[in-house]
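Participant: Just so you know, the sequence shown maps onto residues 10 to 610 in my numbering. Have a look at this one.
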Amino acid sequence: MRCERERIRNFCIIAHVDHGKSTLADRLLERTGTISPREMTEQVLDSMPLEREKGVTIKASAVRMLYTAPDGKEYVLNLVDTPGHVDFSYEVSRALVACEGAILVVDASQGVEAQTIANLYKALDHHLVIVPVVNKIDLPNARPQEVAAELVDLFGFSPDEIIFASARDGRGVDEILDAIIKRIPPPRAPVEPTLRALVFDSHYDSFRGVVAYVRVFDGVLSRSEELLAMCSMASFEPMEVGTFTPAMSPVSELCAGQIGYVATGLKSVRECSVGDTITSARRPAREPLPGYQPAKPMVFAGIYPVRPEDYPLLRDSLEKLRLNDAAIVCEPESSQALGFGFRCGFLGLFHMEIVQERLEREYGVEIITTAPNVELEVLTRRGELVRTNSPAELPPEGEIEEIREPWALVTIVTPAEHVGSVMELLASRRGVSKNMEYLDPQRVMLTYEMPLSEVIIDLHDALKSRTRGYGSMDYSLLGYQPADLVRLDILVHEERVDALSMVVHRDDAYRRGAAVVEKLKELIPRQLFPVAVQAAIGKRVIARATVKALRKNVTAKCYGGDITRKRKLLERQKEGKKRLKQIGHVSVPQEAFLAILRTEE
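See the structure below:
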């Protein structure tokens, strides 16, 4: 039965964040007997501590279940659990390629959300068969019939296709398993006799090297055969081949249509990257399987150790983290204020927060992160096109012909009573309205185009607070458009602090500059001479504050007597302060950087 294609079903669960994907996966594992009641915990497939803490799936994970249908036939069900947060949508697109079908989970109280729509269209682009499920029907405020009507109106499902379920108490799980077997097709027949397996995820194991998660499309992946990664041309003897149950269970071979893993023994994820095709080294396939678009970082920030001597530890930690998370991009950079560090690219602000927490928890590195930026295109007067993601690398103002910034298409679903407030928020962030559609009398879908820099800073948080937590958003990159952007420099004692430079819209420069200057005035320790803190665009100062000088009472010893004695001492003090001011150096404390970055908005 192991290699009978007709008895294999490969599917994933897609949904908006917090609509019950991981709980539904738990019920399916329980119902198929893959996990015994003794081993059962909540969110079995969310194995990272951060995933459990934040209640979101961060990495896609796979599991193999054996299920005996009511007709007595045994089926192999391969489930790929996917993240729902907008920052990890690249994990979703990779999981879809490995499957033939998808369970679309929608919350019975919240209805269709922005991420639901985005993930469904991705699944349809991959020609997947969709099984719609209305989940959480046990909630007191559930409205299953209304949500089912939404699915029918929006996506054209027929009412009898929709399954009503509660992943918490197990209602509807048997119907879902039945629909997986009846509606989702088995894997297609092999096109080639030669082995072709697509790598849809990977992680690094210190004993077994790169462990590649694969979907076998053609041929048989055997442990006894030397294998080849077609893109990197790295050949290797597999150390282990197996399936996920959900722990790794070794098997002798994986047949066409199956999902499993292969421990490669390779020491770098780049030698067997996501989207690569694994084939036989002796009889390689003629051409690789179509892979994926590589994950494109959208947010860039500098990461520096709090203590300069921790730089080697930070470098090693980032290397290890990149083995497990291929979406992080890093390159070394240095700053006069913060010393040596790395310029890193992330998929979004939540991804950046996860990386920060993993560095501090798993590797014990104390870090400072500079203000997040997006990648800009700069057209110089000489006709060169320069791409930069760091404000410090922006050419001088006189050499710039035009700056282009990335724009995003933002889809927002909000309750109708908050529409005015949400539209006001988007307009204040340079948003351009494109479409407004009522999903039902209570909920509205807004489509806007706006600069990516305005989306990533904290649009998601601002949206949640304006809609009392009911709003949801999704965004995708559109392309680059010209913008009136300037580099805002912060000068302390007439010296530029490169780590505090930022690229802002000209209309917003004064407000941002004044806010940072005021904050620094409070945080910089007083010196024996006055210290000027300035915000400048090019050579033009737009905001200034002065940290007052400490005054030592040099006349304390003079009581009574001639006034000229006191005056002489004061004059000498004034001369000393003037000299100090010329040679004095003001260092900005670490707390100031942290406070500025926290209050930057």
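Every residue gets a Cβ at the ideal spot worked out from N, C-alpha and C, and that includes glycine.
Please determine, among Pro460, Asp449, Glu426 and Pro450, the residue with the shortest C-alpha to C-alpha distance to serine 442.
Facilitator: Here the closest residue by C-alpha is Pro460.
Participant: Curious, which full-length beta strand (DSSP E) runs of at least 3 residues does the segment 188-220 contain?
Facilitator: 205-214
Participant: Nearest CA to the CA of phenylalanine 253: which residue from Leu263, Pro247 and Gly392?
Facilitator: When each option's Cα is compared against that of phenylalanine 253, the closest is Leu263.
Participant: Under DSSP, the beta strand (DSSP E) around aspartate 498 begins and ends at which residues?
Facilitator: 494-501
Participant: Exposed or buried, phenylalanine 359, counting other C-beta atoms within 10 Å across all chains shown (16 or more means buried)?
Facilitator: buried
Participant: Which residue marks the beginning of the beta strand (DSSP E) containing arginine 553, and which one marks its end?
Facilitator: Segment 549-556, the beta strand (DSSP E) holding arginine 553.
Participant: Drop a sphere of 10 angstroms on the beta-carbon of glycine 478, count the other beta-carbons inside from all chains shown, and report buried for 16 or more, exposed for fewer.
Facilitator: Looking at its Cβ environment, which holds fewer than 16 other Cβ atoms inside 10 Å, glycine 478 is exposed.
Participant: Which stretch, first to last residue, makes up the alpha helix (DSSP H) that contains proline 153?
Facilitator: 153-164
Participant: Which one or two residues does DSSP pair with tyrosine 76 in a beta bridge?
Facilitator: Tyr84
Participant: Can you give me the start and stop residues for the alpha helix (DSSP H) that threonine 125 sits inside?
Facilitator: 123-134
Participant: Determine the extent of the alpha helix (DSSP H) in which leucine 418 is found, giving its start and end residues.
Facilitator: Segment 409-424 is the beta strand (DSSP E) holding leucine 418; no alpha helix (DSSP H) there.
Participant: Starting from alanine 524, trace the beta strand (DSSP E) both ways and give me its first and last residue.
Facilitator: Run containing alanine 524: none in the beta strand (DSSP E); it sits in the alpha helix (DSSP H), 518-532.
Participant: Please classify glutamine 267 as buried or exposed, where buried requires at least 16 other C-beta atoms within 10 Å of its C-beta.
Facilitator: It counts as buried.
Participant: Would DSSP call isoleucine 572 helix, strand or coil?
Facilitator: helix
Participant: Rounded to whole angstroms, what is the Cα-Cα separation between glycine 354 and isoleucine 465?
Facilitator: 13 angstroms
Participant: According to DSSP, is aspartate 611 helix, strand or coil?
Facilitator: In the structure as shown, the chain starts at 10 and stops at 610, and residue 611 therefore has no counterpart that could be examined.
Participant: Report all residues from its chain with a CB closer than 6 angstroms to the CB of glutamine 543; omit the five preceding and five following residues, and keep chain order.
Facilitator: Leu500, Val550 and Arg553
Participant: Would DSSP call leucine 137 helix, strand or coil?
Facilitator: It is coil, neither helix nor strand.
Participant: Hey, would you say leucine 137 sits closer than 9 angstroms to glycine 165, going by beta carbons?
Facilitator: 9 angstroms or more divides the Cβ of leucine 137 from the Cβ of glycine 165.
Participant: To the nearest angstrom, how far is it from the Cα of tryptophan 416 to the Cα of serine 399?
Facilitator: 18 angstroms
Participant: Quick one: grab the DSSP three-state call for glutamine 582.
Facilitator: helix
Participant: Okay, do the segment 407-416 and the segment 478-492 touch, 3+ Cβ pairs below 8 angstroms being the bar?
Facilitator: yes
Participant: Just to confirm, is the Cβ distance from leucine 207 to aspartate 134 under 9 angstroms?
Facilitator: no
Participant: So if DSSP puts leucine 326 in a beta bridge, which residue, or which two residues, is it bridged to?
Facilitator: Before going further, note that residue 326 is serine rather than leucine in the sequence given. Note: serine 326 sits in no beta bridge, so no partner.
Participant: Compute the Euclidean distance between the alpha carbons of isoleucine 376 and leucine 509, then round it to the nearest angstrom.
Facilitator: About 16 angstroms.
Participant: Near alanine 545, which residues of its chain fall below 7 angstroms by C-beta distance, leaving aside the five closest residues on each side in sequence?
Facilitator: Asp498, Leu500 and Ile551
Participant: Just mark isoleucine 572 as buried or exposed, buried being the case when its beta carbon has 16 or more other beta carbons within 10 Å.
Facilitator: Residue burial annotation: isoleucine 572 is exposed, with fewer than 16 other C-beta atoms found within 10 angstroms of its C-beta.
Participant: Three-state secondary structure (DSSP) at lysine 305?
Facilitator: coil
Participant: For the beta strand (DSSP E) containing aspartate 116, name the first residue and the last one.
Facilitator: Counting along the chain, the beta strand (DSSP E) containing aspartate 116 begins and ends at 110-116.
Participant: For a test of the three-state rule: what should DSSP assign to proline 400, helix, strand or coil?
Facilitator: helix
Participant: Along the beta strand (DSSP E) that carries phenylalanine 245, what are the first and last residues, could you check?
Facilitator: Following the DSSP letters along the chain, one finds phenylalanine 245 inside the beta strand (DSSP E) bounded by residues 243-245.
Participant: Helix or strand or just coil, what does DSSP make of arginine 295?
Facilitator: coil
Participant: For glutamate 410 and methionine 454, what's the separation of their Cα atoms in angstroms?
Facilitator: Those two C-alpha atoms are separated by around 38 angstroms.
Participant: Report the three-state DSSP secondary structure of glutamine 543 (helix, strand or coil).
Facilitator: strand
Participant: Looking only at its own chain, which residues have a Cβ that is under 7 angstroms from the Cβ of alanine 188, when we skip the five neighbours before and after it?
Facilitator: Val140 and Ile172
Participant: When the Cα atoms are used, what is the spatial distance from isoleucine 5 to valine 506?
Facilitator: Any property of residue 5 remains undetermined from this structure, which presents the chain solely from 10 to 610.
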